[in-house]
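For reference, the structure is listed below as structure tokens.
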Ligand SMILES: Nc1ncnc2c1ncn2[C@@H]1O[C@H](COP(=O)(O)OP(=O)(O)OP(=O)(O)O)[C@@H](O)[C@H]1O
Ligand SMILES: [Mg+2]
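Shown next, in the form of structure tokens:
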């Protein structure tokens, strides 16, 4: 005989109701807590485990209360309102943290009629190793993001551009004016004259200072990669492009400044695309079919003769004019020798700070030797030479003999143009030049020795003050510094 025949279910509604109550029973047994809210965000059902967890005293009914009244940080209402499930989240209840899951409940017409929340795990403590690993990763990510953002900030300010000579002051003034404007800046100057320093300073003093400063050195990146670096890549743009899109420097610099270093090395083939971006203010990533607007100010720099390159056809004229809106020429050190003393003071302090030592100074004879050299590598080379001298000498006050890497003072200025490496063997030159160089050295030594008081320097040199003035003018040694000191 067959067992008792189960009673026939009378209607679909009954089936659904039974299914729902058995599901609730299942939730009750499966989870550490379960709660259901209706369309108004009121609790319609909550299991006893949940009540115990939150310490509900049992005398008052929970059902019918707004969910937030019972579970202050609940996001169930949000899930019900948006219809979007929250499959895994951490809910804080007092000091407890729990892993929860929330899903919207749909009515027959497909509309959302409430939401179900379950506690998957109420002992987050047991998950501590995973949680702390997650926290560590989050903190690493934050650090990496911060470093990235710092890498996109200006490293230098105008105050770090040292120089009181007429040329240095003019350059700085032009750069300050450029900072107030929006046009493209073109920094022209030999290697080591401070182009990068000024590019940073201009950005830092501009309206865009809160935005990023992104640099790209056209000479340092292989030609094949330059286009992707500048404009970005869409997935599958070329073999090996990867599956993720990568932002180009233009996009990274959006709202800020793009420093295009060594722009003279920009391949001819890429120049039209660069020009287009500058003109249209839009970039199109490699392999993409979408143009994105970008708001970027360009500061370009080069140590090459861009005008001559343009005339020779190796740099596009249209791009040249586009970049050359605010040109700034950075004078080489040999054209502003009077700044050498001040630069040495700053550089020696910097070197000492880095090495954790007390700062070295220069004797008059040491300075004279530096002043007489032509510095093809400009400030960078001056720094290197000082660094070498500090490292190799026991003297705290560096004398001429502490610079054996430089040619003898009397044999330089205007003739020996080799770098430090090729220096050392003085070339023969016209007597007039040699005499002028010797005069320059001796005059600078006298000025240094007397603290730039010209009357005393003239006495030391055995000439009149008027003669000294004439010679200073003829040798192009600026007199502002000596004038101010003399009047003190
Ligand atoms: N006027 C200056 N005052 C102080 N430091 C300077 C000055 N000019 C250059 N320097 C320093 O000299 C070094 C070289 O400067 P920078 O890198 O800006 O030169 P650059 O013109 O970009 O050279 P390159 O063409 O070789 O890239 C840096 O350490 C910079 O801080
Ligand atoms: Mg540079």
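Residue numbers (the numbering used here): 205 to 692.
Even glycine gets a Cβ: it sits at the ideal position worked out from N, Cα and C.
Neighbourhood of ligand 2 [Cβ distance below 7 Å to any heavy atom], ordered by chain position:
Every residue with a CB closer than 7 Å to a heavy atom of ligand 2 is listed here in chain order: 399, 400, 465 and 505.
Extent of the continuous beta strand (DSSP E) run through residue 426:
That residue, residue 426, is in no beta strand (DSSP E); it is neither H nor E in DSSP.
With a threshold of 7 Å (Cβ to nearest heavy atom), would residue 362 be considered close to ligand 4?
In terms of ligand content, the structure shown lacks ligand 4 and carries ligand 1 and ligand 2 instead.
DSSP state of residue 522, grouped into three classes?
In this structure, residue 522 counts as helix in the three-state DSSP scheme.
Short Cβ contact (8 Å threshold) for residue 468 with residue 526:
It is not a contact, given that the beta carbons lie outside the stated cut-off.
When you compare the region 318-330 with the region 293-308, are there three or more beta-carbon pairs, one atom per stretch, that lie closer than 8 Å?
Yes: the two stretches touch, three or more of their Cβ pairs being nearer than 8 Å.
Exposed or buried, residue 497, counting other C-beta atoms within 10 Å across all chains shown (16 or more means buried)?
Residue 497 counts as exposed, since fewer than 16 other C-beta atoms from the protein chains shown sit within 10 angstroms of its C-beta.
Pairs of beta-carbons, one from the region 430-439 and one from the region 451-459, closer than 8 Å: are there three or more?
Segments in contact, yes.
Roughly how many angstroms separate the alpha carbons of residue 447 and residue 490, rounded to a whole number?
Approximately 13 Å, taken between the alpha carbons.
Same chain, Cβ closer than 8 Å to residue 521, neighbours up to 5 away in sequence not counted
Cβ within range, chain order: 514.
Can you tell me which of 275, 537, 655 and 355 puts its alpha carbon nearest to the alpha carbon of residue 399?
When only C-alpha atoms are compared, the closest one is 537.
Residue 676: buried (16+ other C-beta within 10 angstroms of its C-beta) or exposed?
If you draw a 10 Å sphere on the C-beta of residue 676, you find 16 or more other C-beta atoms in it, and that means buried.
Among 231, 674 and 653, which residue has its Cα nearest to the Cα of residue 572?
Among 231, 674 and 653, the Cα nearest to that of residue 572 is on 653.
Compare the Cα-Cα distances from residue 318 to each of 529, 403 and 249 and report the closest residue.
Distances from the CA of residue 318 to each of 529, 403 and 249 were compared; the closest alpha carbon is that of 249.
Would you mind stating whether residue 396 and residue 584 have Cβ atoms separated by less than 8 Å?
Yes, the pair counts as a contact, with Cβ atoms nearer than the cut-off.
Taking just the CA atoms, how far does residue 302 sit from residue 379?
One Cα belongs to residue 379, the other to residue 302, and the distance between them is close to 58 Å.
Say whether the region 544-553 touches the region 366-381, bearing in mind that this needs 3 or more beta-carbon pairs closer than 8 Å, one atom from each stretch.
Enough Cβ pairs lie closer than 8 Å, so yes.
Identify, in the order they occur along the chain, each residue of the same chain with its Cβ nearer than 7 Å to the Cβ of residue 356, setting aside the five sequence neighbours on each side.
In its chain, beyond the 5 residues on either side, 416, 417 and 418 have a beta carbon closer than 7 Å to the beta carbon of residue 356.
Between residue 404 and the rest of its own chain, which residues show a CB-CB distance below 6 Å, the 5 nearest in sequence each way excluded?
Counting only Cβ-Cβ distances below 6 Å, and skipping sequence neighbours, we find 358, 359 and 360.
Through-space distance from residue 470 to residue 512, alpha-carbon basis
For the pair residue 512 and residue 470, the Cα-to-Cα distance works out to about 15 Å.
Is the CB-CB distance between residue 578 and residue 593 below 8 Å?
Result no, Cβ atoms of residue 578 and residue 593 do not sit closer than 8 Å.
Given a cut-off of 8 Å on the beta-carbon distance, is the pair residue 402 and residue 532 in contact?
Result yes, Cβ atoms of residue 402 and residue 532 sit closer than 8 Å.
Should residue 535 and residue 371 be called a contact, given that it needs their Cβ atoms to be closer than 8 Å?
Yes, these two residues count as a Cβ contact at 8 Å.
Coarse secondary structure for residue 397, derived from DSSP in three states
Judged by DSSP in its simplified three-state form, residue 397 adopts coil rather than helix or strand.
Where the alpha helix (DSSP H) through residue 333 begins and ends:
The continuous alpha helix (DSSP H) containing residue 333 extends over residues 332-355.
4-residue-minimum alpha helix (DSSP H) runs that sit fully inside the region 493-563, ordered along the chain:
Those alpha helix (DSSP H) runs which fall completely within the region 493-563 and span 4+ residues are 510-516, 521-527 and 544-559.
Would the C-beta of residue 418 count as close to ligand 1, meaning under 7 Å from any of its heavy atoms?
Answer for residue 418: no, Cβ out of range of ligand 1.
To the nearest angstrom, report how far apart residue 275 and residue 253 are at their CA atoms.
Using only the alpha carbons, I get a separation of about 14 Å.
Residue 465 lies in the beta strand (DSSP E); which residues open and close that run?
If you look at residue 465, you'll find it in the beta strand (DSSP E) that goes 461-465.
Excluding five sequence neighbours on each side, which residues of the same chain lie with their C-beta closer than 6 Å to the C-beta of residue 604?
Counting only Cβ-Cβ distances below 6 Å, and skipping sequence neighbours, we find 569, 570 and 573.
Nearest residue (CA-CA) to residue 560, options 519, 595 and 582
If we check each option's Cα against that of residue 560, 595 comes out closest.
I need the boundaries of the beta strand (DSSP E) containing residue 325, first residue and last residue.
Run containing residue 325: 316-325, per the beta strand (DSSP E) assignment.
Taking 7 Å as the cut-off, is the CB of residue 468 close to at least one heavy atom of ligand 1?
For ligand 1, not one heavy atom lies less than 7 Å from the Cβ of residue 468.
Between which residues of its own chain and residue 271 is the CB-CB distance below 8 Å, once the five residues before and five after are set aside?
Only residues of its own chain outside the window of five on either side were considered, and among them 239, 241, 245, 246, 247, 278, 280 and 281 have a CB closer than 8 Å to the CB of residue 271, listed in chain order.
Would you kindly work out how many angstroms separate the C-alpha atoms of residue 227 and residue 331, rounded to a whole number?
One C-alpha to the other measures close to 28 Å.
For residue 529 and residue 648, believed in contact at Cβ under 8 Å, the rounded distance
Going by Cβ atoms, the distance from residue 648 to residue 529 rounds to 39 Å, so no, they are not a contact pair.
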